[in-house]
Structure formats: C-alpha cells, structure tokens
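Chemist:
Numbering (the working numbering), first residue to last: 375 to 1574.
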C-alpha cells in the first residue's frame, strides 16, 4: 500500500535491497521469506517485541536522490506480488518524468506530492469513521487480522504489550482485544505462540497477584486457564476485558450484538493509539456509572463533568463535589459520600445565569427552577463553555410540565381520570373501554387510600407516631426542598430508615427510584399501552391471568375486581412494552404492593424502574439477575460469615433459601407491614439494602443454623424467623401472613422488630458499597450465564438422545459447533437476521437456528460424504429437505437428524437419504436443466397419484365409487382420523415417489463426486457404471410397460430390452454427459499441478475402461470413451437429446441394483467416525491462522 512519505535515516539496517534504479529501492526485511537463519530469528523477535510494522509489511520501497543520505519510505507490502505491483507502476509512470528535473529537491517534492495525491484518491471512498483511528492503531488492526485470520468485520478495540505464561516460561508479545476475541501473539527466537479465545467462551476473569504470577490477569475457559502479566497498565487492560466480556454475556443472554456508537463526539485533540471503539467503550462505562449514581433512564448520556462547589442553604456552607451535565439533567454529587446529592431535570429549569465573580465566590453560576428553587454553583473552571452547553441542551428540551406536583397527588374522588394526548388517543379523549371506566377509582389513587376511607382512624400512640413522621418529612421538605430537585443528604437517609409515612410512600418511591422523571418524560404512554395491549392474548397474558388471584390474596384490596383489574392492566401493559421479559412470577407480588401506594400509571413506571434498572435481568425467562445476586450473596457470606458459609454449603441451601428474598424484596416471606419498610430502604439505597438485611438474617440465626443437620430444618428456622419480623409502628389493620403455618409448638417464637433488624444490618454490614457489588456481579454473571448455557446444552442433548444414534458426548460437541456457527453470524454476518433467529423465550431446542450458508459450512466440515465442489449443492439440497416449516432456517434437532442418517443409518437408510436429495423439495426446479422437469414438479398432484393407484393393484374407479356412496361419518370417526393423522408416520420405501431421468442424472453426478476422493475409487467407478447401466435398462423396460399396456409388458422378461436403439443411446448419453460434468466439478489442481493432472487423466481412463467392460450396455462404453476425448470427432458425431420424460425408476429398483455391487455395499455400510471431523472443525480457526501467516498470501492492505 502507498503510505505517507516518512524519513528513513538508516536504509540498510535490518533490510536487504532486492531492486534499485536511480530514484527508488525495493527492500525486503531480513529473515523474511528465504530462510534468514539466526539473523532472521533475531529480527523477527525484535519486530514482535517492538511492535514493528515490518512484521505485517516485510517489503518496502524507498525514494532516494543522488548522493542524499536521507531516504523516504513511500510504500510497503505484505507480499512480493503487492510490492512488485507498486514497483512496476513507479517504473512505468515516474521514471521518465523524474529524469526531466535538474534539482534533487524538486524530484523529492514531486514524488512526495504524487504519493500523497494517490493516497488521497484511494481514501476518498473510505468511511469517515476509519479516519478517526490514528494511523498506528489502524496498522495494529491490520496486523491482528493477518496474524489471526480475522475478517474485516472484526474490529480491534485496543492492544497492549504483556507476557503470556506458557507453562513456567513467560512469552513476551502483544495482547489484542477485539470486540469478539481475545488474541495473543509472540515470536521469540523462532518460537511462535498464537492464541485466540472468544469472549463468549470465558467463564472467569480475575486480576490477582501471587508469588508465581505477579500482578497477573487470569482468563479461564471451560477447558483451560491462561495467565497474562507484565502489563504497563493492568487496571486499564482488566477494565476493558471486563467490558468486552460483559458485552459477550449480553449477547449470549438475549442476542444483543455490539453496535458502535455512531454519534460519539470527536475528541478535541488526537489521542495517540486510542481507537474510536475504545473511546466508545470508555464513554459507555462513564454513562453507566452516571446513570446508576443518579437513577436516570437508560438513554441518558453524560456530556461532561467538572469540579465545582454547591451552596447548601440548609448547612450554610459550600460543598465540594462534581457537576455532571447530560442531555436532560444537571446533577451534583459531593466528594464526601452522603453529604449532598442533587438532580435538576432541564425540563424544570427556568433561568441559567452567570453571577458576578468575587474572591469569595469565583465563577458562580445560578440555576433557577419552576418550583422557585435556586441553586448556586461556584469554582467552575470553564464557566462560559458550560453555560453554552447547558443552553444548547435547554433549546432541545421540550417544554413539559412537572410530572408530579403536590396538588395533583390528592384530587377529589369525583374527578374523572384525564388522559394526556398520546399517539393513539386524541387530546382529552377517554378510551371507551371497561378498562378505562371513569367509575374505577384506581385511575387516580393508590388502593390502600381507597380501602382505608371506610376504616375508622384509631387514635393512639401508633397514629401519633405516624403524624410525627409526616411532620418530620414536612420539615425536611421545607428545609431541603420537595420534588425531584430536593437536596438529598444523610438526613434524608435517616428519615427513610425510620420509615416513610404511608401518605408519602408513593410520592417518595417515585422520587428515589427515578420513575418520576421517566413518567414526566412520557406523558400518556401508559394509557396508550393499555389500549394497545387490550384484548391481545399471548403466553404472558395467560400467565398473568393465572397469577392474578395469587397476588397478596390476604389483602382486602385484592379480594375484589377493582384491585385485580388494576393489577391486570399494569402487568399486561408492561408485558406489551417489554416482550423480552413479558411476565415472570414474582412480578405480580411486587406490582400489587406498588398499587397499594400509587395509582396505575405510577405503579407502571415503578415497575419499569425495578425491572430495567434497579433489578437488571431479575425478571427475564431465566431470572439471570437473581441468580447472579445469589452468587454475590454466597460470596459475601463466605467473606463475613465463613463458618456459616461452609456449613450451609454442605447443606446446599443458601441459594435455595434466599432466591425468593431477592425476587420479591422480602414481600413474600415477611409480614407485609415489615417488608414494605425494606422496600422503602431499597428504593433509596438500591440492592445493597437487600444484601445487608439478608446477611443480618443469617447472622441472627447463625447458632441455630450451625446446629442444623439438613436443608429442611434450615429452611424452617429461617422461615419462622422472618415470619415473626414485625412492625410495631404500623397504623394499618393486621394482615394475616401465609408463613404463619411454619410456626410449630405451643410457645410462639419471639418477635423481631423490623427497625432493629434494619439497624443491625447497617451496623454490621453497612460498609458494603454499590461499586463493590457491581464488581462481584460481573464475576458471577460470567459463571451464571455459562452455567445456564451448559444446562441448555444438557437439556437439548437429553431431549434428542433417544432419537439419535450419536453418543451424549458427540451430541454435546455437535451442539457447541452448531451454536458457535450461529454466534459467528452475529459477529460477522448480518446481526439483525441473526437476532431474529435466536429467541430466548423459545424451548432450548429451538433457540439457535442457522441458515443455508452456515449449514453448508458445517456440512462440508462434518458430513462423511465429501463431494468436492459439489458439496455446497448437496448441502443446499439437504437443507431444503430438513427445513420442514420452510422458514429457511433449521434448528439443532433437524441438523442432527440429517447427520445421523449419513453416519448411523444402514445402507437402506443412507440410500433413501441420497434418493430424497435428488427429489423435490430437495432438488428445486431451478436445478433442473429441462422444462420437462419443471413441468413435472408443478403437476405433481396428478401423475404420482395415478402411478400409486396402478401400483396398488386395486381398481381406482371402484374405490372412488365406494367413497361417493359413503354416508357422512360421525364425530368419533373424525376424531380417530385426526388421531391417526397426528401419529408419527413411519416412512415406507414404497411411499417414495418415482425418480425421472433428470433426477437420476443428478444422482449419478453426486455419486461420481462422492467417490472421487475415496481410496477404492476404481472399484466404486466400476460399480456405479454397472449400476447406472442396469438402472437405465430397467427404466426403459418400465417405460415400455407404461406405453404398451400392462399385459404385453408382463410377457416380456425384464432382462431383454426391445426399446428402439436411439432412445437407449440418448439415455446413456445423458448419464455419460452428466458424469463428464461431474468430473469437471472436482476441485481444481493445486500447486502440484502436474501430479493432479495425471491423477485426473487416470480417473477418466479408468472410468472408460470400466464402462467398456460393462456387459449390460455397450453404448455407454462408447460414450464414455468420448468423455475422455471431448474434442474428438465422436463428440461431434453424436448429438445428445433432451431427457426422456416417460423414463422413471423406483427406490426399490435403485436399492436392488446397488446391492449387486460389493464395492458400493461396502462403501455405504462403512462406519464413519465423527469425532475426527469435529476435532478438525474445532481446530479450523487455528488452521486459518497458520495459513494466514504464510508469506505467500497476498494480503492487500490497500483494501482496508
């Protein structure tokens, strides 16, 4: 490729000149190509260690003028062919022109300008995205693709120098981290180490420091472990590995392939060796931390952050922290945790102004909101730029009212619900449906408020305490603000831990979870969802209906249609919004509690916040998030309660017991009044509260649990304990709890105050941090998802092992290869179509499906019938045969069915499969060369029926008459018929349709290609020629039976043929022509051309001799001789006619003919070993890498 001219001071250091003229020198790297000895080994090692481009481009062209000591590197190449092309262009186009110049400087200037012009012209059509990557990085990406045989679609994210420990010896080299693979390459003194690991295969990723591996990264797969050390920046490398592994796990979980962020802003300055993908991933990591910190929506993107101070009127001081600006929010977090946090939605902002600077308050910025609050920031480094960015975002922010105001919290009961305008509803319209009846008070109220209207208020200490809580919160609102712009401090957390009053619970849940922001940003969304989802029947709606009456049946709010209808609408709307989750058990329990304190729309948005942000992946089909947190909980138990952990591991109960705690936030295992206090803490603090309380529960019962001897006893102890966690401050009437049944004996266990439990959890385990939990979640996610994949594999194998002759180990290996082919299409194919093929909600057997192209690749690698270039044609036919539902995709069961017939069927089964592959639908009409075949294909309803009736022997007319006279059958008859139709029909060889001459020709071509690479090909050619001749005669006899009547045909012996000679010649010629074409389809000769040519000639001549020795049909011998001399006179003399439309044979005739030849019987009865094929298929990537590193490959860098 042409490169921007670079100065070279030492032209001959480590390079050998091969060609030269007065202006240019073509050089080759020492040690490349023709064996470099010790010098070549040293140079190769130096190139790898120093990351020299000479490893990828070992050829270059230098420009030099006269006696100048300065050379200019103007071109490089990966192969001699590529560099020679550039050299010849220079000689043809520049030499004559350069001889005109008198001044050497003018020559150099002209050459440099010419080369830069060529580069500019070549880069005109390249995507602008590629231009974002620095040149050094693009060079590394090309090097990775060449070293590891990666296609252009594989994008490098970053690369680092490090050591790979192979045994006890470290190999210094480079680790390449691409979107889908981890690769390592080292070349030291002739020893080459090449490693490729898919991110989807990684089961564990650790950063540790031991005596053997100082500060190393361990990458574990199912088969082995790899250690990497001696990184310049191990933390950066490990974080990037974590990100890429997380993306891979997401791909395994729900088939979301990686998509680069096209709207990423360009960097202010060019970053050395940092790719656009690396910047993209760094931005994603920052966005995730930002959204998690302030509970923002998934589409929120951080624009930037800066150090500043915030004036806090409640403390009368400036708090040091950071301001974050994104497309919809301005946020602030104090440097000291829990000191102050602030979220200002841009939709609330009215004024942004720069105040006057002073020595006390440098660079101040004042922001005012609609609810009359003013926030004063100071010590801003680049205030003008910040104001401009905020102004830009404010201009793009639609003017929307605040999502929740104090006045709108308590409307009068008589006010009908008003629905904001939405895509499906006009302004002010109320959908006319029973689901939107104005009589339903749930449209504007929480269910608890409705059902407490009729309950007389009890005066007493509990009510007084509740009033005091409300008053405390009102004072807090006055001091710190109310609504989404409230200052959140340690005082706020104290109030939450003391319990949120019931009158404020819904409002504060919405505020702390971030659901209020989402609801305000999507007015009318819930109403339109309910209307769209109404009346639709899906699997999710069926499950919802089944669980509706199981949702807090002990609470009076859900003992009538009002509460049930509200719950149905919220769950159905969410299932419609997010079909990937749909509905999962435990969602009904959580949603019913939300509905007690919030109206339907608020409960819906709280459910969105729970399922999509606060409890990620908890409620999908495999509850992956909950299982991940079970792993985290076990790890935390091992750290803080090691003795109990070991004992519980022996019992195997930690995950069994605690899964429901996390899925339902303790709502299903604690009395409602107590569990709802934990929900208060959860919405403020996040998942860490559930971990803390779970550890506190185990700690409180540690002595009893250590004395347990079995799982049931441990579950009883914990169940009884949780059942007696009470809230003595509640003002609600007592609600019976289902777990009361666990209480045994006459003496009830002691009651545990829920506030004491929460306090103990913070005292003992309050040091738990959210970022530590996220780090632990990553490790567990790898383990859980890979474990689920292994479970899926076992389930699939167990489901089909009875229907397949493959062993369990073989089926597992086949499943791995099948799934890998699907995942590879997500990497390098059209990811949208690959995503459509994978539906995690489907049964395991149908989750992964492959298309025809992927099947052809697996077929050529695994099938025992190797047919050379004809393999793809045969694979396409088998794919059409297996694709029963005609969706152009096949699942694993269908794939195994096809392979099993070839590997484990007897001769009859294998021949039957081969026979079917040359009949419709496997043989499509496009493959037929004559119009006659197409006509027969489309008129298949008439002819075969007639033939079947003739073969049956019973008069067809009589049957028809009988059917006409039959009376209508009763329902039992139709039920029996329906049952018979649904029974799996055992295929009989007599049911197979007849094969016409065109199809027979195609089968002969296939057989010829199958035998061409067999060790006993001579005997097989002899056998197939004999069988083909015999079948041709049988077809001719059968045609005579059809044409001349049954009686006349019966009088003729089958071994004699009175058919006209020309027809036989035509039929024989067709077969021979087909075999000739088949021969031409064998793979072309490779480098050893003369040997291959000789082999081909031998095959033809031997086939001619075989045909000449055939006793059944001498004409074939003559035709076959003509195949060997295609250009001779005989070819011109003999004119081949179209296939005979009346000629046909049956499968029984084919089978009987094949059984006459021992060589053919041996071939089809021979057992094949699929293990060797699978091993070769698994090592295919390694073979590609070795091939790609060959110096003979023409690796055109200019293509990139």
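Note that the Cβ used here is the ideal one computed from N, Cα and C, for glycine as well. Since the model is a prediction, treat every value here as computed from it, not as a measurement.
Quick check on DSSP: helix, strand or coil for residue 1258?
Modeler: Working through the chain shown from its first residue, we reach residue 1258 at position 884. Coil, per DSSP.
Chemist: According to DSSP, what are the bridge partners of residue 579?
Modeler: Counting from one through the chain shown, the residue named residue 579 turns up at place 205. Note: residue 579 is bridge-paired with 593 in the DSSP secondary-structure output.
Chemist: Identify whether residue 380 lies in helix, strand or coil by the three-state DSSP scheme.
Modeler: Within the chain shown, numbered from 1, the residue matching residue 380 stands at position 6. Residue 380 falls in the strand class under three-state DSSP.
Chemist: Just the C-alpha distance for residue 1401 and residue 526, rounded to the nearest angstrom, thanks.
Modeler: The residue you call residue 1401 lines up with position 1027 of the chain shown. The residue you call residue 526 lines up with position 152 of the chain shown. Roughly 49 Å between the two C-alpha positions.
Chemist: Is the region 1519-1529 close to the region 1361-1380, with three or more CB pairs under 8 Å?
Modeler: yes
Chemist: Relative to the C-alpha of residue 1154, which candidate in 1058, 579, 1018, 852 has its C-alpha closest?
Modeler: Here residue 1154 refers to the residue found at position 780 of the chain shown. Nearest option by C-alpha distance: 579.
Chemist: State the DSSP-derived secondary structure class of residue 1042, mapped to helix, strand or coil.
Modeler: If you number the chain shown from 1, residue 1042 lands on position 668. Coil.
Chemist: Between the C-alpha atoms of residue 1040 and residue 651, what's the straight-line distance to the nearest angstrom?
Modeler: Locating residue 1040 in the chain shown gives position 666, counting from the first residue. Locating residue 651 in the chain shown gives position 277, counting from the first residue. Distance between the alpha carbons of residue 1040 and residue 651: 42 Å.
Chemist: Count the other C-beta atoms from every protein chain shown that fall within 10 angstroms of the C-beta of residue 670, then say buried if there are 16 or more, exposed otherwise.
Modeler: The residue you call residue 670 lines up with position 296 of the chain shown. Residue 670 is classed as buried because its beta carbon has at least 16 other beta carbons within 10 Å across all chains shown.
Chemist: Restricting to Cα atoms, I'd like to know which of 531, 1291, 1005, 516 is closest to residue 1156.
Modeler: What you label residue 1156 is simply residue 782 of the chain shown in a count that begins at 1. That would be 1005, whose Cα lies nearest to the Cα of residue 1156.
Chemist: For residue 749, which residues does DSSP report across the bridge?
Modeler: Looking up residue 749 in the chain shown gives position 375. DSSP lists 741 as partners of residue 749.
Chemist: For the region 561-573 against the region 676-684, are there 3 or more C-beta pairs whose distance is under 8 Å?
Modeler: no
Chemist: Alpha carbon to alpha carbon, what distance is there between residue 591 and residue 478?
Modeler: By one-based count along the chain shown, residue 478 stands at place 104. By one-based count along the chain shown, residue 591 stands at place 217. Spanning the alpha carbons of residue 478 and residue 591 requires a straight line of approximately 55 Å.
Chemist: Count the C-beta pairs between the region 1125-1142 and the region 1048-1067 that are closer than 8 Å, then say yes if the count reaches three, no if not.
Modeler: yes
Chemist: Tell me whether the region 958-970 and the region 979-986 touch, counting them as touching only if at least three CB pairs, one residue from each stretch, are closer than 8 Å.
Modeler: yes
Chemist: How is residue 1475 classed by DSSP in three states: helix, strand or coil?
Modeler: Here residue 1475 corresponds to residue number 1101 of the chain shown, with the count starting at 1. Its pLDDT being 35, under 50, residue 1475 is placed unreliably by the model, and the measurement read from it follows with that caveat. Looking at residue 1475 - three-state DSSP - the assignment turns out to be helix.
Chemist: Give the DSSP bridge partners of residue 573, in chain order.
Modeler: Position 199 of the chain shown holds residue 573. In the DSSP output, where bridge partners are listed per residue, residue 573 has none listed.
Chemist: Below 6 Å CB to CB, which residues in the same chain sit around residue 539 once its five sequence neighbours on both sides are set aside?
Modeler: For the purposes of this step, residue 539 is taken as the residue at position 165 of the chain shown. Excluding positions up to five away in sequence, the list reads 601.
Chemist: Do the region 720-734 and the region 758-775 touch if we need at least three Cβ pairs shorter than 8 Å?
Modeler: yes
Chemist: Checking 8 Å against the spacing of the C-beta atoms, do residue 889 and residue 969 come in under that value?
Modeler: If you number the chain shown from 1, residue 889 lands on position 515. If you number the chain shown from 1, residue 969 lands on position 595. Cβ atoms of residue 889 and residue 969: not closer than 8 Å.
Chemist: Please check if any C-beta of chain B sits within less than 8 Å of the C-beta of residue 1041.
Modeler: This model lacks chain B altogether, as it is built from one protein chain only.
Chemist: DSSP three-state call for residue 716: helix, strand or coil?
Modeler: Here residue 716 corresponds to residue number 342 of the chain shown, with the count starting at 1. Residue state, collapsed to three classes: strand.
Chemist: Let me know if residue 1396 comes out buried or exposed under the rule of 16 or more other beta-carbons within 10 Å of its beta-carbon.
Modeler: For the purposes of this step, residue 1396 is taken as residue 1022 along the chain shown, with counting starting at 1. Buried, by the Cβ-count rule.
Chemist: Quick one, which of 1525, 860, 1167, 906 has its alpha-carbon nearest residue 884's?
Modeler: Mapped onto the chain shown, residue 884 falls at position 510. When each option's Cα is compared against that of residue 884, the closest is 860.
Chemist: DSSP beta-bridge partners for residue 691?
Modeler: Counting from 1 along the chain shown, the entry for residue 691 is found at position 317. Bridge partners of residue 691: 686.
Chemist: Can you find the residues in the same chain that come closer than 7 Å, C-beta to C-beta, to residue 492, ignoring five residues on each side of it along the sequence?
Modeler: Stepping through the chain shown from its first residue, residue 492 is reached at position 118. Excluding residues within five positions, the ones whose Cβ falls inside 7 Å are 376.
Chemist: Confirm, please, whether the CB-CB distance from residue 1079 to residue 1022 is below 8 Å.
Modeler: By one-based count along the chain shown, residue 1022 stands at place 648. By one-based count along the chain shown, residue 1079 stands at place 705. Yes.
Chemist: Whose CA, out of 1240, 1249, 1238, lies closest to the CA of residue 1229?
Modeler: In the chain shown, counting from the first residue as 1, residue 1229 sits at position 855. For residue 1229, the nearest C-alpha among the options comes from 1249.
Chemist: Cα separation between residue 1255 and residue 1272?
Modeler: In the chain shown, residue 1255 corresponds to position 881, counting from 1. In the chain shown, residue 1272 corresponds to position 898, counting from 1. Cα atoms of residue 1255 and residue 1272: separation of roughly 9 Å, rounded to the nearest angstrom.
Chemist: Taking the beta strand (DSSP E) that residue 661 belongs to, which residues open and close that run?
Modeler: Working through the chain shown from its first residue, we reach residue 661 at position 287. Premise fails: residue 661 lies in the alpha helix (DSSP H), 650-668, not in any beta strand (DSSP E).
Chemist: DSSP three-state label for residue 396, please.
Modeler: One-based indexing of the chain shown puts residue 396 at position 22. In the structure shown, residue 396 sits in coil (DSSP, three-state: anything other than H, G, I, E or B).
Chemist: Assign residue 1223 to one of three DSSP states: helix, strand, or coil.
Modeler: Position 849 of the chain shown, counted from the start, is the residue given in the question as residue 1223. The answer is strand: DSSP assigns residue 1223 an E or B state.
Chemist: Run through the region 997-1023 for me and flag every whole alpha helix (DSSP H) of 4 or more residues, listed as ranges in chain order.
Modeler: 998-1014
Chemist: Could you pull the start and end residues of the alpha helix (DSSP H) that residue 1272 belongs to?
Modeler: The residue you call residue 1272 lines up with position 898 of the chain shown. Going by DSSP, residue 1272 is part of the alpha helix (DSSP H) stretching over 1266-1278.
Chemist: Leaving out five residues on either side along the sequence, give the residues of the same chain with a beta carbon under 7 Å from the beta carbon of residue 442.
Modeler: Position 68 of the chain shown holds residue 442. Answer for residue 442: 478, listed in chain order.
Chemist: If residue 821 sits next to residue 937, beta carbons under 8 Å apart, how far is it from one beta carbon to the other, in whole angstroms?
Modeler: Residue mapping note: residue 821 aligns to position 447 of the chain shown, counting from 1. Residue mapping note: residue 937 aligns to position 563 of the chain shown, counting from 1. 5 Å between Cβ atoms; contact.
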